[in-house]
Structures are given as C-alpha cells and as structure tokens.
Amino acid sequence: MDKNNIEFSAIIAPIQTGITIGLDGARIKLDIPESESAAYHKLSAFGRGKILKVKIEIVEDQQDNGW
Numbered sequence: 039m040d041k042n043n044i045e046f047s048a049i050i051a052p053i054q055t056g057i058t059i060g061l062d063g064a065r066i067k068l069d070i071p072e073s074e075s076a077a078y079h080k081l082s083a084f085g086r087g088k089i090l091k092v093k094i095e096i097v098e099d100q101q102d103n104g105w
C-alpha cells in the first residue's frame, strides 16, 4: 500500500448531523472504531485542508468490525 493511502472501516455517525448538505457541498461525519486507530492517526498527521479522493465500499458482512 502506498504511504499516502489510508484504509479503514467506519460508519456514518448515527446522529442527525451525520450527513449535512449545504449550498456549497456536504459534510459527512464518520465514526471509526478504536481498532482502526493507526489509520486515523496517520490521517491526522497529514494535516487539514488536503484534498482526498474518497472511495466507499459497503461491507455486506457487518459482523466483527469493531462495533
């Protein structure tokens, strides 16, 4: 895996503002389990304001994903 690639499991936050849509775009809040801490620490090390290419894969078998 490329040093600039990060992969982790997450869910859209189960709150009313999990996805908010505005006039100039949208904001999505993700809940990431502690078992994925290496990935979110790596992401935070890149800093804010970076452009990300996002690919979503829906996991059909949702057993034992740290939830």
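Just so you know, we're using this note's numbering here: the sequence shown kicks off at 39 and counts up by one. All C-beta atoms, glycine included, are put in the ideal place defined by N, C-alpha and C.
Just tell me which of the options has its CA closest to the CA of residue i.
{"i": "D69", "options": "I96, K93, S47", "result": "S47"}
{"i": "N42", "options": "Q100, D99, K80, R86", "result": "K80"}
{"i": "I44", "options": "Q54, A51, K91, P71", "result": "K91"}
Measuring only between beta-carbons, confirm whether residue i sits less than 8 Å from chain D.
{"i": "H79", "result": "Structure shown: chain D not included; a single protein chain is present."}
May I ask you to list the residues that DSSP assigns as paired with residue i?
{"i": "I68", "result": "The sequence shown places Leu at residue 68, not Ile. Looking at the DSSP assignment, L68 forms a beta bridge with I50."}
{"i": "T58", "result": "R65"}
Does the beta-carbon distance from residue i to residue j come in below 8 Å?
{"i": "I29", "j": "I57", "result": "Past the boundaries of the shown model lies residue 29; the chain is included only from 39 to 105, so the question cannot be answered."}
How many Å lie between residue i and residue j at the Cα?
{"i": "S73", "j": "D40", "result": "21 Å"}
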